[in-house]
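J.:
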Amino acid sequence: MKWLEEISRKIMHYIIVIAITTIMVLNCVFTARVAYDESEKVSYFVQPQSIIFAVVMGIIICSMFCGLKKFSEKTIFVAFTIMYIAIMIYMVLNIKVCIRADAKYVLDAAKQISNGNYASLKKGGYLYIYPNQLGLVSYDRILLKICKNEKIMYIINLFEIILINWFGYRISNLIFKCNVSVNKIVIILEFLFLPQLFFIMFAYGLIPGFCAMIAAFYFVLKFIEHRKISMAIISAVLCVIAAVLKMNFLIGAIAVFIILFLDFMKNKEYRSLALAMVIIMGTLMSGKVIGAIYEFETGVEKNNGIPSTAWIAMGTDLENTEKAPGWYDISNYATYTLDANYDSEKAGEISQKKIKDNLKKSIENPGRTIKFYGKKIVSMWCEPMFQSVWSGPCIDTKDYVQSTILNSLYSGKNVEKVCSIFIKALVLNILIFSCIFRWRSSQYREKSDLLYLFFLGGIIFHIFWEGKSQYTYPYVFVLIPGCAYEFEKILMRFKKCYK
Numbered sequence: 070m071k072w073l074e075e076i077s078r079k080i081m082h083y084i085i086v087i088a089i090t091t092i093m094v095l096n097c098v099f100t101a102r103v104a105y106d107e108s109e110k111v112s113y114f115v116q117p118q119s120i121i122f123a124v125v126m127g128i129i130i131c132s133m134f135c136g137l138k139k140f141s142e143k144t145i146f147v148a149f150t151i152m153y154i155a156i157m158i159y160m161v162l163n164i165k166v167c168i169r170a171d172a173k174y175v176l177d178a179a180k181q182i183s184n185g186n187y188a189s190l191k192k193g194g195y196l197y198i199y200p201n202q203l204g205l206v207s208y209d210r211i212l213l214k215i216c217k218n219e220k221i222m223y224i225i226n227l228f229e230i231i232l233i234n235w236f237g238y239r240i241s242n243l244i245f246k247c248n249v250s251v252n253k254i255v256i257i258l259e260f261l262f263l264p265q266l267f268f269i270m271f272a273y274g275l276i277p278g279f280c281a282m283i284a285a286f287y288f289v290l291k292f293i294e295h296r297k298i299s300m301a302i303i304s305a306v307l308c309v310i311a312a313v314l315k316m317n318f319l320i321g322a323i324a325v326f327i328i329l330f331l332d333f334m335k336n337k338e339y340r341s342l343a344l345a346m347v348i349i350m351g352t353l354m355s356g357k358v359i360g361a362i363y364e365f366e367t368g369v370e371k372n373n374g375i376p377s378t379a380w381i382a383m384g385t386d387l388e389n390t391e392k393a394p395g396w397y398d399i400s401n402y403a404t405y406t407l408d409a410n411y412d413s414e415k416a417g418e419i420s421q422k423k424i425k426d427n428l429k430k431s432i433e434n435p436g437r438t439i440k441f442y443g444k445k446i447v448s449m450w451c452e453p454m455f456q457s458v459w460s461g462p463c464i465d466t467k468d469y470v471q472s473t474i475l476n477s478l479y480s481g482k483n484v485e486k487v488c489s490i491f492i493k494a495l496v497l498n499i500l501i502f503s504c505i506f507r508w509r510s511s512q513y514r515e516k517s518d519l520l521y522l523f524f525l526g527g528i529i530f531h532i533f534w535e536g537k538s539q540y541t542y543p544y545v546f547v548l549i550p551g552c553a554y555e556f557e558k559i560l561m562r563f564k565k566c567y568k
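Number 100 in the working numbering belongs to position 31 of the sequence shown; there are no gaps in the numbering.
(1) W72: which of F333, I129, F268 and S457 sits nearest, CA to CA?
(2) Near R102, what residues of its chain come up, given a Cβ to Cβ distance below 6 angstroms and the 5 sequence neighbours on each side ignored?
(3) Which residue or residues does DSSP assign as beta-bridge partners of R102?
(4) Between the Cα of D412 and the Cα atoms of A343, N373, I293 and I224, which residue gives the shortest distance?
(5) Please look up how many angstroms separate the CB atoms of L495 and I92, rounded, as I've assumed it's under 8 angstroms.
(6) Quick check on T473: buried or exposed, where buried means 16 or more other Cβ atoms within 10 Å of its Cβ?
(7) How far does the alpha helix (DSSP H) with L258 in it reach, from first residue to last?
(8) Who are the near neighbours of V313 in its chain, counting only those whose CB is closer than 7 angstroms to its CB and skipping five residues on each side?
(9) Which whole-angstrom value is the C-beta distance of E74 and K335, which I expect to be below 8 angstroms?
(10) Using the Cα positions of P277 and S207, report the straight-line distance between them to the nearest angstrom.
(11) Taking contact to mean at least 3 C-beta pairs separated by less than 8 angstroms, is the stretch 536-549 in contact with the stretch 243-250?
(12) What I want to know is whether the C-beta of V255 ends up closer than 7 angstroms to one or more non-hydrogen atoms of the ligand SAH.
(13) Under a three-way DSSP split, which group does V369 fall into?
(14) Three Cβ pairs or more, each shorter than 8 angstroms: is that satisfied between the stretch 427-440 and the stretch 513-525?
(15) Could you name each continuous alpha helix (DSSP H) segment of 4 residues or more that falls completely within the stretch 427-461, going from the start of the chain to the end?
(16) With DSSP collapsed to three states, give me the class of G536.
(17) Just mark Q471 as buried or exposed, buried being the case when its beta carbon has 16 or more other beta carbons within 10 Å.
(18) Give the single residue among N410, I528, K173 and M300 whose Cα lies nearest to the Cα of V447.
(19) In or out: G443 buried (at least 16 other Cβ within 10 Å) or exposed?
(20) Among I254, K291, G526 and S77, which residue has its Cα nearest to the Cα of G321?
(21) If we define contact as Cβ-Cβ less than 8 angstroms, is A345 a contact residue for chain D?
(22) Rounded to whole angstroms, what's the CA-CA distance from K297 to F326? Just pull it up for me.
(23) If you follow the alpha helix (DSSP H) that E229 is in, where does it begin and where does it stop?
(24) Residues in the same chain with beta-carbon distance under 8 angstroms from E515, minus the five sequence neighbours each way, listed in chain order, please.
(25) Considering only the alpha carbon of each residue, which of L497, S538 and F228 lies closest to L548?
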């Protein structure tokens with residue numbers, strides 16, 4: 070079994086390196102930009118000068134580390150946290166509540182159900198069509214129980230973002246065995262990752278789901294190191310919560326399953342196998358459990374809604390290029406409501422046929438297929454803002470935003486453009502040094518496999534699923550520890566040279 074585990078890890082390693090190198094090279098050449106309006110149309114630019122900005126950013130990061138080196142990890146983390154709180158207060162005071170699109174539909178459904186109105190669960194209602202949102206509806210209901218003011222969602226988002234950064238830093242501490250310098254660079258990079266800060270204004274499942282997922286990663290790694298049952302239970306619960314809040318985080322649960330199974334193969338540790346099975350079964354069954362709870366509470370039978378195959382049919386349709394290749398185009402909704410008359414089974418059959426047709430067209434038109442998937446990958450992975458600002462009040466900003474700076478940010482003007490250049494340079498550093506880390510630092514490879522497997526899973530999943538750059542930010546964020554380690558090695562080399 071051990072030899073099979075070693076081969077599996079080697080194969081996985083080379084696939085990860087190919088994947089991260091591909092995304093890195095594409096980012097060195099291309100930049101995507103999402104229009105700041107409801108059209109959500111993606112534009113593409115060739116910007117090789119991004120490399121120059123990345124070099125400047127690398128110097129800035131090194132300078133920040135040198136300037137903060139004398140302070141403890143805790144002091145640096147607290148200082149950045151205070152800065153984030155100040156920015157959030159400024160944003161909340163200057164931006165009216167602007168929850169729109171799916172986030173608004175979920176919030177409205179949460180309010181209705183809490184008030185005894187179950188229309189959203191009945192035929193034609195939002196939750197009848199999208200029952201996968203019941204977990205997020207539950208989350209919104211809990212928050213509204215705490216405080217009726219919808220701005221509570223922004224405050225909780227900030228708290229969860231701080232937790233994400235904390236667990237990212239603690240994961241680094243686990244992987245690199247309490248390397249203080251690496252930990253400090255991780256903290257700096259996490260707080261410089263501005264898209265995550267801008268997602269404060271996005272009252273949806275992305276931030277709470279990622280918070281639960283990265284916390285689950287931490288406790289899984291702690292379990293592998295210490296074999297404590299308490300760590301196993303916490304990690305399993307967190308994986309389920311992440312998947313309930315945002316189905317995409319099933320990718321993280323699968324990554325955890327693979328790592329635990331490899332641990333079982335290597336060490337014959339049956340507790341790892343048991344935990345792997347509990348996590349995968351728990352995440353897969355969570356939707357049915359949530360549905361059963363709502364059936365009991367409301368007396369309304371849970372519908373199956375739009376089948377998953379409809380999203381794949383949409384994401385692989387070569388004709389779907391209005392926003393960007395494979396992005397949302399309402400076809401899955403039309404298939405379910407119009408073609409199948411709200412029949413999930415029939416919609417599934419139509420979608421399966423559509424997937425086969427898409428595959429046939431892809432095989433018959435290889436040039437068009439390469440262009441389609443190439444542009445789809447660029448639209449998702451080379452968009453430096455990750456739609457973090459677009460997700461806020463970018464529509465009719467003057468009605469919602471009272472600050473000149475924030476208005477410039479949310480309308481895609483100068484402040485947004487400066488932030489975009491800054492983040493592009495930061496992301497390039499993360500990708501380049503993470504790639505170097507995977508090639509060179511074999512002694513830490515096994516412990517970091519979970520993070521990189523999550524990244525790989527994100528690439529594979531979104532090639533076929535609905536495209537959206539918003540979805541890809543967590544996969545890039547988890548690469549920060551490996552990047553920080555390589556930064557620290559460079560700084561140590563410079564230190565030796567100038568001694």
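Every residue, glycine too, gets a C-beta built ideally from N, C-alpha and C.
T.: Let's see:
(1) Measuring from the Cα of W72, the nearest candidate turns out to be F333.
(2) Cβ neighbours of R102 beyond the five flanking positions: S112.
(3) For R102, which the question treats as bridged, DSSP gives the partners S112.
(4) N373 is the residue among A343, N373, I293 and I224 whose C-alpha sits nearest the C-alpha of D412.
(5) Their Cβ separation, rounded to whole angstroms, is 15 angstroms, which puts L495 and I92 out of contact at 8 angstroms.
(6) Around the beta carbon of T473, fewer than 16 other beta carbons lie within 10 angstroms, which makes this residue exposed.
(7) It spans V249 to L261 - the alpha helix (DSSP H) in which L258 sits, taken as one unbroken run.
(8) Cβ-Cβ distances below 7 angstroms link V313 to G204, S355 and I359 in the same chain, with the five nearest sequence neighbours on each side left out; the list follows chain order.
(9) Indeed, because the Cβ distance is near 5 angstroms, the residues count as touching under 8 angstroms.
(10) If you take the alpha carbons of P277 and S207, they lie about 12 angstroms apart.
(11) The stretch 536-549 vs the stretch 243-250: no contact.
(12) The ligand SAH is not among the ligands present in this structure, which contains no ligands whatsoever.
(13) V369: coil per DSSP, three-state reduction.
(14) By the Cβ criterion, the stretch 427-440 is not in contact with the stretch 513-525, since fewer than three pairs of Cβ atoms, one from each stretch, lie closer than 8 angstroms.
(15) Those alpha helix (DSSP H) runs which fall completely within the stretch 427-461 and span 4+ residues are 435-450.
(16) Three-state result, G536: strand.
(17) Q471 is classed as exposed because its beta carbon has fewer than 16 other beta carbons within 10 Å across all chains shown.
(18) If we check each option's Cα against that of V447, I528 comes out closest.
(19) The residue in question, G443, is exposed, as its Cβ has fewer than 16 Cβ neighbours within 10 Å.
(20) Measuring from the Cα of G321, the nearest candidate turns out to be G526.
(21) Among the chains in the structure shown there is no chain D, since it carries only a single protein chain.
(22) Their Cα atoms are separated by approximately 17 angstroms.
(23) In the DSSP assignment, E229 falls within the alpha helix (DSSP H) that extends over I221 to I244.
(24) Excluding sequence neighbours, E515 sits near R78.
(25) That would be L497, whose Cα lies nearest to the Cα of L548.
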